[in-house]
Amino acid sequence: MKKSTLCVHAGHEPEPVTGAVMPPVFFTSTYVQKAPGEHQGYDYSRAGNPSRTVLEKALAELEGGNHGFCFSSGMGAVDCVLKTLSTGDHVVAMNDLYGGTYRLFRQSYEKLGIGFSFIGCSSAAEIEAAIQPTTRLMWIETPTNPTLKVVDIELCAQICKKHGIVLVVDNTFASPLLQNPLALGADVVMHSMTKYIGGHSDLIMGGLVTSDNRLAESLFFNQKSTGATPGPMDCYLALRGIKTLHLRMKAHVENAGQIAQFLQGHQKVAQVYYPGLPEHPGHLIAAKQMNGFGGMLSFELKNNSAENARIFLLNTRLFVLAESLGGVESLASHPASMTHASIPAEVRLANGISDGLIRLSVGVEDVEDLMEDLNAALMQC
Ligand SMILES: *Cc1c(COP(=O)(O)O)cnc(C)c1O
C-alpha cells in the first residue's frame with residue numbers, strides 16, 4: 365500500500381461492536397479479568413492500552429516494521445533503547461545530535477559506565493575507527509538538528525551488520541513519509557512524535573519501531589518496566605495527526621524548498637543549510653535515501669552574531685519564536701541559546717552551531733506570506 369493510503373488507514377479498521385469509523389479512546393487504567401490471570405490481552409494500562417496499541421501498529425506500518433512502541437516523550441523512547449545496554453558497553457554516536465539526546469548520553473548514561481564516542485559519521489573509515497570490541501550500539505540522526513547534516517544510513521548499516529552492532533536512527537526530522545531507515549538496514553527507528561507525526565504542536569510523544577523480535581522483546585520489557593508510556597488521549601491525538609501526515613509533509617517540503625532558495629538569494633543571508641540545495645554537502649545522499657528534503661532549514665546572516673540573530677527573531681510575525689518543530693505553524697529558533705544551550709559552547713562551535721545560526725521549522729501557511737515575513741525581519745538586521 366502507498367504511504368498516503370497507509371496514513372489514513374494504518375493501525376485500525378472500523379470498530380466491530382458499534383461500527384465507529386474512528387477507534388474509541390480507552391480511558392481506563394485496568395481491565396476486568398474472567399478468572400485470576402485470565403484476561404483479554406490487557407491487564408494494566410502501563411503495559412498496554414487499546415488506544416496505544418492502535419497507534420503503535422500505525423507507527424510500525426508507516427515505518428515498514430513489525431513492532432511499534434510509544435512513549436510519553438521522545439526522550440522516553442531514547443531512554444528505552446539505552447536501557448538495553450549494560451555497564452561496560454560502548455556506543456558510537458553522531459556528534460551532531462539533538463541536545464536532549466546528547467545530555468542523556470553524557471549526563472545520565474556515562475556515569476553508569478557506558479562509553480560514548482561522538483563522530484562525524486562522514487566516511488566508512490571514520491566509523492570503523494570509532495568501533496571498539498565493546499561497541500553495541502550506533503546512534504545517528506539524519507538530517508541533523510540544526511545544521512541539517514546528512515548521514516548515509518545504508519553505509520552505517522553495512523558497517524554495523526559486519527560488527528554485530530545495533531543501528532538506531534532518529535528519524536524525527538524526516539518523518540516516516542520521507543525516510544524509512546529499516547528499509548535501508550537500520551535495526552531501530554526512533555521518533556519524537558511531538559514533531560511531524562503529531563504535527564499540531566499539542567502533544568509530547570516518542571516512538572520506536574523495529575522488525576527484530578529479540579530487540580522488540582527487550583524494548584517492550586523496558587517500556588513497561590520504566591513506565592514512560594503515553595495516555596490514551598495523547599495516543600488518539602497522535603493517530604489523528606497521522607491521518608494527514610502525507611498532506612502536511614508535502615506542504616512542508618514544498619514551502620521549505622522555496623524558502624531555502626529565497627534565503628539563498630537574499631542580500632542579508634550568508635549561508636543556508638538545506639539538504640535540497642545542490643550545494644549542500646549531503647545533497648546526493650539525501651536524494652538517494654529520502655523522498656523529499658524535509659521542512660527544516662537553518663541559515664546564517666551576513667553579519668553573523670547573536671545580537672543580529674536576536675534582532676531577526678524579534679521581528680518575524682508569522683514565524684513564532686519557539687523551540688520544537690514539525691507543527692503546521694512556522695517556528696523560528698536560536699539553537700545556541702535555546703535547543704542546544706545545554707551543549708558546551710566549544711562543542712557547539714565545532715559542530716557548526718555558531719551564535720548567529722537561526723533555525724526555521726517551515727509550516728504549511730502560504731509560502732508568499734512566509735517569505736514576506738522573513739524578508740521584513742531580515743531587512744531589520
Ligand atoms: C524533539 C526531539 C527529540 C526529543 O523528543 P521529545 O518528544 O521532545 O522528548 C529527539 N530527537 C529529535 C531530533 C528531536 O527533534
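The sequence shown begins at 365 in my numbering and counts up by one. Idealized CB from N, CA, C, for every residue including glycine.
For residue i, which residues in the same chain have their Cβ closer than 7 Å to its Cβ, ignoring the five residues on either side in sequence?
i, result
"His-630", "Leu-742"
"Met-597", "Val-389"
"Ser-368", "His-610"
"Glu-379", "Pro-387 and Pro-388"
"His-403", "Tyr-395 and Gln-397"
"Arg-410", "Lys-588, Gly-591 and Thr-593"
"Tyr-466", "Ile-707"
"Glu-687", "Ser-697, Met-702 and Thr-703"
"Glu-710", "none"
With a threshold of 7 Å (Cβ to nearest heavy atom), would residue i be considered close to ligand 1?
i, result
"Thr-536", "yes"
"Glu-618", "no"
"Tyr-462", "yes"
"Lys-588", "no"
"Gly-595", "no"
"Asn-509", "yes"
"Ser-575", "no"
"Gly-438", "yes"
"Ile-568", "yes"
"Ser-556", "yes"
"Lys-559", "yes"
"Leu-689", "yes"
"Thr-506", "no"
"Thr-498", "no"
"Thr-417", "no"
"Leu-451", "As written in the sequence, residue 451 is Thr, which differs from the Leu given in the question. Not under cutoff, so the answer is no."
"Thr-465", "yes"
Leaving out the 5 sequence neighbours to the left and right, which residues in its chain are closer than 8 Å to residue i when beta-carbon positions are compared?
i, result
"Asp-407", "Thr-394, Tyr-395 and Gln-397"
"Val-633", "Leu-627, Phe-663, Glu-664, Leu-665, Lys-666 and Leu-742"
"Gly-429", "Leu-546, Val-553, Val-573, Thr-574 and Ser-575"
"Arg-470", "Phe-480"
Run through the DSSP bridge pairs and tell me what residue i is partnered with.
i, result
"Cys-485", "In the DSSP output, where bridge partners are listed per residue, Cys-485 has none listed."
"Leu-665", "Val-633"
"Met-597", "BP columns for Met-597 are empty, so no partner."
"Phe-433", "Leu-572"
"Val-552", "Val-532 and Thr-574"
"Glu-402", "Ala-399"
"Ser-565", "BP columns for Ser-565 are empty, so no partner."
"Leu-738", "In the DSSP output, where bridge partners are listed per residue, Leu-738 has none listed."
"Ser-697", "Arg-723"
"Glu-505", "Asp-534"
So, at 6 Å on beta carbons, what are the nonlocal neighbours of residue i in its own chain, with the 5 sequence-adjacent residues on each side left out?
i, result
"Asn-586", "Cys-444 and Lys-447"
"His-454", "Gly-479, Gln-496, Thr-498 and Thr-499"
"Asn-413", "Phe-390 and Pro-596"
**Asked** If you pair each beta-carbon of the segment 428–446 with each one of the segment 553–567, do three or more pairs fall below 8 Å?
**Response** yes
**Stretch-stretch touch, CB-based, cutoff 8 Å, three pairs: the segment 728–743 with the segment 530–537** = no
**Asked** Is it a yes or a no for the segment 523–535 touching the segment 495–510, going by three-plus beta-carbon pairs under 8 Å?
**Response** yes
**Request:** Tell me, please, whether the segment 565–579 touches the segment 417–428 by the rule of three or more beta-carbon pairs shorter than 8 Å.
**Result:** yes
**Request:** Specify whether the segment 562–570 and the segment 541–552 touch according to this definition: at least 3 beta carbon pairs, one from each stretch, less than 8 Å apart.
**Result:** no
**Message:** Between the segment 639–647 and the segment 687–701, can you find at least three pairs of beta-carbon atoms closer than 8 Å?
**Reply:** no
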